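Student: Residues 298 to 744 in this note's numbering are what the sequence shown lists, from first letter to last.
Glycine included, each C-beta is placed from N, C-alpha and C at the ideal position.
Every value quoted in this text rests on a predicted model; they were computed, and no experiment measured them.
Structure below; questions to follow.
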Amino acid sequence: MAEQTSISAEITQFATAMQAGEMPASALHIMRLSLLDWTSVAIAGRNEPVSRTVRALVESEGGGPEATIIGSGMMVPARAAALTNGTTSHAIDYDDTHFIHIGHTSVVVISAALALAQKTGATGEEFLNAALIGVETACRIGDWLGRSHYQKGFHQTATSGAFGAAMASARLLGLDAGKARHALAIASTRASGLKSQFGTMGKPYNAGIAASNGVEAALLASAGFVSRPDGLECLQGFADTHAGENGDPTSALAGLGKEFIFEHVQHKFHACCHGLHASLEALAALRENERLDPEAIDRVVITTNPHWLKVCNLAEPATGLEAKFSYRLTAAMALNDIDTGALTTYTDEICRDPALIVLRDKVRIETDENIADTASRIVVTLRSGVRLRAEHDLEEPLPAHIREEKIRKKAAVLLGDEPSQSLWRIVDTLDKSGLDAFTGYLRRYAN
Numbered sequence: 298m299a300e301q302t303s304i305s306a307e308i309t310q311f312a313t314a315m316q317a318g319e320m321p322a323s324a325l326h327i328m329r330l331s332l333l334d335w336t337s338v339a340i341a342g343r344n345e346p347v348s349r350t351v352r353a354l355v356e357s358e359g360g361g362p363e364a365t366i367i368g369s370g371m372m373v374p375a376r377a378a379a380l381t382n383g384t385t386s387h388a389i390d391y392d393d394t395h396f397i398h399i400g401h402t403s404v405v406v407i408s409a410a411l412a413l414a415q416k417t418g419a420t421g422e423e424f425l426n427a428a429l430i431g432v433e434t435a436c437r438i439g440d441w442l443g444r445s446h447y448q449k450g451f452h453q454t455a456t457s458g459a460f461g462a463a464m465a466s467a468r469l470l471g472l473d474a475g476k477a478r479h480a481l482a483i484a485s486t487r488a489s490g491l492k493s494q495f496g497t498m499g500k501p502y503n504a505g506i507a508a509s510n511g512v513e514a515a516l517l518a519s520a521g522f523v524s525r526p527d528g529l530e531c532l533q534g535f536a537d538t539h540a541g542e543n544g545d546p547t548s549a550l551a552g553l554g555k556e557f558i559f560e561h562v563q564h565k566f567h568a569c570c571h572g573l574h575a576s577l578e579a580l581a582a583l584r585e586n587e588r589l590d591p592e593a594i595d596r597v598v599i600t601t602n603p604h605w606l607k608v609c610n611l612a613e614p615a616t617g618l619e620a621k622f623s624y625r626l627t628a629a630m631a632l633n634d635i636d637t638g639a640l641t642t643y644t645d646e647i648c649r650d651p652a653l654i655v656l657r658d659k660v661r662i663e664t665d666e667n668i669a670d671t672a673s674r675i676v677v678t679l680r681s682g683v684r685l686r687a688e689h690d691l692e693e694p695l696p697a698h699i700r701e702e703k704i705r706k707k708a709a710v711l712l713g714d715e716p717s718q719s720l721w722r723i724v725d726t727l728d729k730s731g732l733d734a735f736t737g738y739l740r741r742y743a744n
């Protein structure tokens with residue numbers, strides 16, 4: 298029997314050996330769009346309670362002035378910057394998601410890469426390339442860990458994300474494949490994060506600790522720290538002890554270095570859990586096409602993949618944060634033409650709105666194991682007995698120019714027209730410049 302491919306060896310070779318000129322232009326463009334999106338949601342989330350709390354802790358500890366933190370004029374150590382920026386950029390849960398492993402890739406990897414890019418004096422191109430390597434790593438390892446890992450209760454944003462952050466960091470530190478493999482192994486004993494934290498401050502904090510863990514792992518490996526090099530896949534290693542499928546990684550690694558599966562990342566256009574977006578798109582289409590009157594609705598059935606029941610199926614949310622994880626309440630919002638893309642929609646008050654509660658309680662969630670993670674089916678039954686049907690799959694191809702248009706529009710809503718245009722000019726030319734203009738832009742938003 299042929300020896301099984303070592304995922305640690307393949308990933309670290311990819312992370313350290315791939316040349317800048319080999320990065321596909323299409324993947325780099327999506328990386329720039331994700332950086333625009335990351336910056337927009339991080340700035341919008343800088344005053345959330347979780348952002349303020351983690352930032353205050355980091356500021357109180359101080360340390361060497363190595364990297365920028367969003368919402369502060371201070372420069373702090375790279376690990377600390379990764380922690381607070383990772384938390385802040387996930388605070389409003391409005392960042393991108395990759396459904397190959399159901400993980401938020403950019404919040405973790407960009408936060409780590411930016412911190413070490415500043416620490417090492419990297420160019421804009423080196424920063425973007427490292428970030429792309431990192432998000433691709435997170436997607437590939439997340440795919441290999443499989444649904445069993447996620448279904449058991451581990452938050453792939455935090456677990457697979459930590460490995461992606463470690464590889465982005467290793468590249469920026471110029472580690473060879475041997476030291477990068479130790480960085481991956483160190484991350485395997487540090488990676489953590491639970492889905493049980495969803496709906497609390499713990500969810501964005503998961504992204505912060507993953508970014509910090511990746512930076513720490515790479516810095517230790519750079520300093521000569523030695524760990525078990527196959528800590529990711531060995532007996533009693535990360536996959537073995539964290540419900541990973543731990544099989545032959547050949548499929549998960551197919552085309553590594555030639556095809557960037559990160560290009561299929563999904564950007565959010567509703568300010569809530571990504572698991573809700575397919576149903577919201579389908580409901581919006583029904584509302585517009587059929588001119589639905591909420592008072593004429595007798596019942597609504599949303600069919601989704603069963604794994605989402607443990608993620609975003611809070612039946613009676615009581616807070617704005619909980620509302621972001623509720624099929625029933627967000628469905629009622631969509632059918633009442635309430636803007637689910639607006640941050641201000643998700644309040645404690647909306648959870649107590651009598652009209653919404655009446656409609657919320659008409660919504661039933663059903664499951665189908667054969668439906669894709671990215672899809673939902675909707676049946677709305679009217680009081681007249683008429684049944685209306687719709688479905689939507691987020692994986693339906695979105696033309697590149699439409700994706701860019703939607704992300705730039707979202708940035709304009711979050712930041713304002715002129716500030717968002719200024720940011721896009723900086724991000725779009727980042728591979729031809731240093732990081733000073735970008736980090737200077739971030740410092741505009743120091744509180």
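Rank 502, 681, 599, 602 by C-alpha distance to the C-alpha of residue 592 and give the top, closest one.
Tutor: Within the sequence shown, the letter at position 295 stands for residue 592. The shortest C-alpha separation from residue 592 is found at 681.
Student: Apart from the five residues on each side of it in sequence, which residues of its chain come closer than 6 Å, Cβ to Cβ, to residue 609?
Tutor: Residue mapping note: residue 609 aligns to position 312 of the sequence shown, counting from 1. Same-chain partners within the cutoff: 570, 572, 573, 622.
Student: Whose CA, out of 366, 552, 360, lies closest to the CA of residue 340?
Tutor: Counting from one through the sequence shown, the residue named residue 340 turns up at place 43. Among 366, 552, 360, the Cα nearest to that of residue 340 is on 366.
Student: Is residue 500 buried or exposed, if buried means 16 or more other CB atoms sit within 10 Å of its CB?
Tutor: Locating residue 500 in the sequence shown gives position 203, where the first residue counts as 1. When all chains shown are included, residue 500 counts as buried.
Student: In three-state terms, what does DSSP make of residue 585?
Tutor: Residue numbering aside, residue 585 sits at position 288 when the sequence shown is read from its first letter. Note: residue 585 maps to helix in three-state DSSP.
Student: With DSSP run on the structure shown, which of helix, strand or coil describes residue 457?
Tutor: Here residue 457 is taken as the residue at index 160 of the sequence shown, counted from 1. Three-state result, residue 457: helix.
Student: Using CA coordinates, which residue listed in 636, 463, 482 is at the minimum distance from residue 523?
Tutor: Here residue 523 refers to the residue found at position 226 when the sequence shown is read from its first residue. It is 482.
Student: Might you give, ordered along the chain, the residues of its own chain that have their beta carbon closer than 6 Å to the beta carbon of residue 614, omitting 5 neighbours on each side?
Tutor: For the purposes of this step, residue 614 is identified with residue 317 of the sequence shown, where counting begins at 1. Once the five neighbours on either side are set aside, the close Cβ partners of residue 614 are 620, 623, 626, 648.
Student: Buried or exposed: which applies to residue 425, given that a residue is buried once 16 or more other Cβ atoms fall within 10 Å of its Cβ?
Tutor: Looking up residue 425 in the sequence shown gives position 128. Residue 425 is buried by the Cβ-count criterion.
Student: Determine the DSSP secondary structure at residue 349, reduced to helix, strand or coil.
Tutor: Working through the sequence shown from its first residue, we reach residue 349 at position 52. Of the three classes helix, strand and coil, the one that applies to residue 349 here is helix, per DSSP.
Student: Could you pull out every unbroken alpha helix (DSSP H) segment of at least 4 residues lying fully inside the stretch 646-717, listed in chain order?
Tutor: Within the stretch 646-717, the complete alpha helix (DSSP H) runs of at least 4 residues are 651-657, 697-712.
Student: At which residues does the beta strand (DSSP E) containing residue 487 begin and terminate?
Tutor: Start at 1 with the first residue of the sequence shown, and residue 487 comes out as number 190. No beta strand (DSSP E) holds residue 487; DSSP gives it neither H nor E.
Student: Which residues bound the beta strand (DSSP E) around residue 432?
Tutor: Walking along the sequence shown from the start, residue 432 turns up at place 135. No beta strand (DSSP E) contains residue 432, which is instead part of the alpha helix (DSSP H) from 421-449.
Student: Rounded to whole angstroms, what's the CA-CA distance from residue 727 to residue 316? Just pull it up for me.
Tutor: Along the sequence shown, one-based indexing puts residue 727 at 430. Along the sequence shown, one-based indexing puts residue 316 at 19. Cα to Cα, residue 727 sits roughly 18 Å from residue 316.
Student: Just verifying my parser: in three-state terms, what is the DSSP assignment at residue 400?
Tutor: On the sequence shown, residue 400 is found 103 positions in, with the first residue counted as 1. Note: residue 400 maps to strand in three-state DSSP.
Student: Alpha carbon to alpha carbon, what distance is there between residue 437 and residue 443?
Tutor: Counted from its first residue, the sequence shown places residue 443 at position 146. Counted from its first residue, the sequence shown places residue 437 at position 140. Looking at the two C-alpha atoms, the distance is approximately 10 Å.
Student: Could you please give the first and the last residue of the uninterrupted beta strand (DSSP E) stretch that includes residue 625?
Tutor: For the purposes of this step, residue 625 is identified with residue 328 of the sequence shown, where counting begins at 1. Segment 624-632 is the alpha helix (DSSP H) holding residue 625; no beta strand (DSSP E) there.
Student: Please classify residue 694 as buried or exposed, where buried requires at least 16 neighbouring CB atoms within 10 angstroms.
Tutor: What you label residue 694 is simply residue 397 of the sequence shown in a count that begins at 1. Residue 694 comes out exposed.
Student: Between which two residues does the alpha helix (DSSP H) harbouring residue 537 extend?
Tutor: For this step, residue 537 is matched to residue 240 along the sequence shown. Here the alpha helix (DSSP H) through residue 537 covers 535-538.
Student: From this set, 566, 589, 487, 345, which residue's C-alpha is nearest residue 498's C-alpha?
Tutor: One-based indexing of the sequence shown puts residue 498 at position 201. Selected option, being the one with the closest Cα: 345.
Student: Given a cut-off of 7 Å, decide if residue 550 and residue 319 are closer than it, judged by their beta-carbon atoms.
Tutor: Reading the sequence shown from its first residue, position 22 is the one you call residue 319. Reading the sequence shown from its first residue, position 253 is the one you call residue 550. Cβ atoms of residue 319 and residue 550: not closer than 7 Å.
Student: Is it true that the CB of residue 484 sits closer than 7 Å to the CB of residue 430?
Tutor: Within the sequence shown, the letter at position 133 stands for residue 430. Within the sequence shown, the letter at position 187 stands for residue 484. It is not a contact, given that the beta carbons lie outside the stated cut-off.
Student: Within the same chain, show all residues whose beta-carbon is closer than 6 Å to that of residue 674, passing over the 5 residues directly before and after it, in chain order.
Tutor: Reading the sequence shown from its first residue, position 377 is the one you call residue 674. Answer for residue 674: 600, 688, listed in chain order.
Student: Near residue 744, what residues of its chain come up, given a Cβ to Cβ distance below 8 Å and the 5 sequence neighbours on each side ignored?
Tutor: Residue numbering aside, residue 744 sits at position 447 when the sequence shown is read from its first letter. Hits under 8 Å: 343, 344, 368, 369.
Student: Let me make sure I understand the geometry here. Which of 677, 412, 706, 598 has the alpha-carbon closest to that of residue 510?
Tutor: By one-based count along the sequence shown, residue 510 stands at place 213. Nearest C-alpha to residue 510: 412.
Student: Going along the chain, which unbroken runs of the alpha helix (DSSP H) with 4 or more residues stay wholly within the stretch 356-412?
Tutor: With a minimum length of 4 residues, the continuous alpha helix (DSSP H) runs that stay inside the stretch 356-412 are 375-386.
Student: Give me the Cβ distance between residue 406 and residue 462, rounded to the nearest whole Å; I'm assuming they're in contact under 8 Å.
Tutor: Translated into positions along the sequence shown, residue 406 becomes position 109. Translated into positions along the sequence shown, residue 462 becomes position 165. 5 Å between Cβ atoms; contact.
Student: Helix, strand or coil: how does DSSP classify residue 590 here?
Tutor: The count along the sequence shown starts at 1 and reaches residue 590 at position 293. Residue 590 falls in the coil class under three-state DSSP.
Student: With which residues is residue 597 paired in a DSSP beta bridge?
Tutor: The count along the sequence shown starts at 1 and reaches residue 597 at position 300. BP columns for residue 597 point to 660, 677.
Student: Please report the distance separating the alpha-carbon of residue 263 from that of residue 559.
Tutor: This structure gives no information on residue 263, because the portion of the chain shown stretches from 298 to 744.
Student: Can you tell me whether DSSP reads residue 563 as helix, strand or coil?
Tutor: One-based indexing of the sequence shown puts residue 563 at position 266. Looking at residue 563 - three-state DSSP - the assignment turns out to be strand.
Student: Count the other C-beta atoms from every protein chain shown that fall within 10 angstroms of the C-beta of residue 322, then say buried if there are 16 or more, exposed otherwise.
Tutor: Counting from one through the sequence shown, the residue named residue 322 turns up at place 25. It counts as exposed.
Student: Based on DSSP bridge pairs, tell me the residues matched to residue 610.
Tutor: Taking the sequence shown and counting its residues from 1, the one referred to as residue 610 is at position 313. Answer is 623.
Student: For residue 364 and residue 416, which I take to be in contact (beta-carbon distance under 8 Å), what is that distance rounded to the nearest angstrom?
Tutor: The count along the sequence shown starts at 1 and reaches residue 364 at position 67. The count along the sequence shown starts at 1 and reaches residue 416 at position 119. So it is a contact: roughly 6 Å between Cβ atoms.
Student: Please return the same chain residues whose Cβ sits closer than 7 Å to the Cβ of residue 577, not counting the five positions on each side in sequence.
Tutor: Position 280 of the sequence shown, counted from the start, is the residue given in the question as residue 577. Closer than 7 Å at the Cβ level, and outside the excluded window around residue 577, lie 567, 627, 631, 637.
Student: Which runs of the alpha helix (DSSP H) fall wholly inside the stretch 491-542 and span at least 4 residues, in chain order?
Tutor: You should have 499-519, 535-538.
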